[in-house]
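*Asks:*
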Amino acid sequence: MSSAPSHPPASALRAPTILVFDSGLGGLSVFRELARTRPDARFVYAADDAGFPYGGREEGALVARVLGVMDALIARIAPDAVVIACNTASTLVLPALRARYPIPFVGTVPAIKPACEGSLSRQVSVLATPGTAHRDYTQALIRDFAGGCAVNLVGSARLAALAEAAMRGEQVADDDIAAESAPAFLREGRARTDTIVLACTHYPLILDRLERLAPWPVRWIDPAAAIARRLSSLIGPVAFAASPAPLRLFSTGAPLDAALVERIVGRPARAGELVPTVSEPA
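Note that numbering that gives the first Met the number 0 has the sequence shown beginning at 0, numbered continuously upward.
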């Protein structure tokens, strides 16, 4: 989990507006924890579904795309803070976002430090997208925080899309999910993987299936609670315990299905709205 520089807290006289951004539905796994932590906030969820998936995109093109979408969203919403609920985008785009806007940004990066601190077997896997697995940022986290653990980076090319499809109600075979997660389970002599970092926000949405299909029990690390704590520290204490406003939805491709989102997060949502799709670099 990556944090932004400290900023003055949002006024206690009004509900802070928090923008939660991802390439698809995965960021809803983070939103659920944010909403529990900040019952006073007005939340906006935005998905760059026209650009999904981010995992295999070229770095320069991804930076340009996220900045373009964020320009449109911030101009329309004027949030008090933004949560980038996407590991692939966070490991690359956060410095550019913080240089561009004066508001706090909280990112989502692989939770390697707590995973390694809690591993008994010293065998940790990071289940990510290809973009996150290959990013220099991720390699730096391993160098700084592995603490003697063997860290196995697994860049799944398909698991985010499978999770997205499952959340949309499509039939996704257990064999397909198992094939994508299997490389995260390693055995070295008597030692075997005992901790897996969920380094894509889509993955916690299918955690029940990942647990059921695992060849042995492991500890799964989801950074959502830490992200929520960091956000709250930046925007100040809870102002009041008001009934939450419906979640406002934006996307760049097709309008998000409010009923589907409500089913995932257990909270009322407004009909999906569109923001302009940015042009891809030539």
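Heads up, the beta-carbon is just placed ideally off N, CA and C, and yes, glycines get one too.
1) Beta carbon of Y165, beta carbon of S28: below 7 Å?
2) Would Q122 be called buried (16 or more neighbouring beta carbons within 10 Å of its own) or exposed?
3) Does the region 78–88 come into contact with the region 249–263, if we say contact requires no fewer than three beta-carbon pairs (one atom in each stretch) closer than 8 Å?
4) Expressed to the nearest angstrom, what Euclidean distance is found between the alpha-carbon atoms of G55 and T128?
5) Under the three-state reduction of DSSP, which class applies to G55: helix, strand or coil?
6) With DSSP as the reference, label T200 as helix, strand or coil.
7) Quick one: Cα of A177 to Cα of G168, how far?
8) Take the Cβ of R262 as the centre, count every other Cβ of all protein chains shown within 10 Å, and call the residue buried at 16 or more, exposed below.
9) Suppose you measure from the CA of L18 to the CA of R134; what does that come to, to the nearest Å?
10) Applying the criterion that 16 or more other CB atoms from any shown protein chain within 10 Å of the CB defines a buried residue, is A77 buried or exposed?
11) For P103, count neighbouring Cβ atoms within 10 angstroms of its own Cβ and tell me buried if that reaches 16, exposed if not.
12) Tell me whether the region 106–126 and the region 45–53 touch, counting them as touching only if at least three CB pairs, one residue from each stretch, are closer than 8 Å.
13) Could you tell me if R142 is buried or exposed, where buried requires 16 or more neighbouring beta carbons within 10 angstroms of its beta carbon?
*Replies:* Answer, in terms of the structure:
1) Sequence inspection shows Ala at residue 165; the Tyr mentioned does not correspond to that position. No. Outside cutoff.
2) buried
3) no
4) 8 Å
5) coil
6) coil
7) For A177 and G168, the gap between their C-alpha atoms comes out near 18 Å.
8) Looking at its Cβ environment, which holds fewer than 16 other Cβ atoms inside 10 Å, R262 is exposed.
9) 25 Å
10) Of the other Cβ atoms in all chains shown, fewer than 16 fall within 10 Å of the Cβ of A77; this residue is therefore exposed.
11) Buried is the call here.
12) no
13) exposed
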